[in-house]
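Asker: Structure below; questions to follow.
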Amino acid sequence: MDDNDRLLRLISWVGWAEPDQNRCGLRYGSETDQARLNEREKMAAHTMCAYYSGALRYRVRGDEGDALDREQLPDYALEFATGLSARATGLMGELVARSLDLRADVQDLGRLWVEDVKSTAWRLVVANHPDRLSAPGIP
Numbered sequence: 005m006d007d008n009d010r011l012l013r014l015i016s017w018v019g020w021a022e023p024d025q026n027r028c029g030l031r032y033g034s035e036t037d038q039a040r041l042n043e044r045e046k047m048a049a050h051t052m053c054a055y056y057s058g059a060l061r062y063r064v065r066g067d068e069g070d071a072l073d074r075e076q077l078p079d080y081a082l083e084f085a086t087g088l089s090a091r092a093t094g095l096m097g098e099l100v101a102r103s104l105d106l107r108a109d110v111q112d113l114g115r116l117w118v119e120d121v122k123s124t125a126w127r128l129v130v131a132n133h134p135d136r137l138s139a140p141g142i143p
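Set out below in structure tokens:
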């Protein structure tokens, strides 16, 4: 599985999207789940899910209009995953456990999910950005 598909799969366990309806979000089980994220985490989650929705459209239809979402999804996934509090990491573990019907420690699952998203997104960020071999200030 390539990293683009892996990132989509990882996000699918915690997020959802209806690309044709322009709707997306995390797979909250209740309002108390949503309350466990701070405002920055909620905004980063929504942004990641919005780009996830576009990346799904690109995967299904190959529409060049959605290619930018696919290319930028790793940036927003990395932003989301690198800024999570311990509470939010635990919530991600609960969402993964629910999605995969796993009986495992949700903090451990959350940490595994966060680390996998970070490493997968980082590889894609590195692959998608050009080398910077010139001197500073020289394009």
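Quick note: the sequence shown, position 64, residue 68 per our numbering, numbers continuous.
Built from N, CA and C at the ideal position, the CB exists for glycine as well.
No experiment lies behind these values; they were computed from the predicted model shown.
1. List the whole-angstrom C-beta distance separating A21 from C28, where the pair is believed to meet the contact cut-off of C-beta under 8 Å.
2. Checking 9 Å against the spacing of the C-beta atoms, do R74 and G58 come in under that value?
3. Considering only the alpha carbon of each residue, which of V100, A81, P78 and P23 lies closest to D67?
4. Classify T36: buried if its beta carbon has 16 or more other beta carbons within 10 angstroms, exposed otherwise.
5. Check L30 in the structure and name its three-state DSSP category.
6. Would you tell me roughly how many angstroms separate the C-alpha atoms of T93 and Q25, rounded to the nearest one?
7. Would you mind working out which of D6, L60 and C53 sits nearest L82, comparing C-alpha positions?
8. Considering only the alpha carbon of each residue, which of L106, Y32 and Y56 lies closest to V121?
Answerer: If we stick to the structure as given:
1. On the sequence shown, position 17 is the one that residue 21 refers to. On the sequence shown, position 24 is the one that residue 28 refers to. Rounded, the Cβ-Cβ distance is 4 Å, consistent with contact.
2. Position 70 of the sequence shown holds residue 74. Position 54 of the sequence shown holds residue 58. Cβ atoms of R74 and G58: closer than 9 Å.
3. Locating residue 67 in the sequence shown gives position 63, where the first residue counts as 1. Comparing Cα-Cα distances from D67 to each of V100, A81, P78 and P23, the minimum goes to P23.
4. Within the sequence shown, the letter at position 32 stands for residue 36. So T36 ends up on the exposed side.
5. To locate residue 30, count along the sequence shown from 1; it is residue 26. Here L30 sits in strand by DSSP.
6. Within the sequence shown, the letter at position 89 stands for residue 93. Within the sequence shown, the letter at position 21 stands for residue 25. Each residue's alpha carbon lies about 28 Å from the other.
7. Taking the sequence shown and counting its residues from 1, the one referred to as residue 82 is at position 78. Ranking D6, L60 and C53 by Cα distance to L82 puts C53 first.
8. Position 117 of the sequence shown, counting from 1, holds the residue named residue 121. For V121, the nearest C-alpha among the options comes from Y56.
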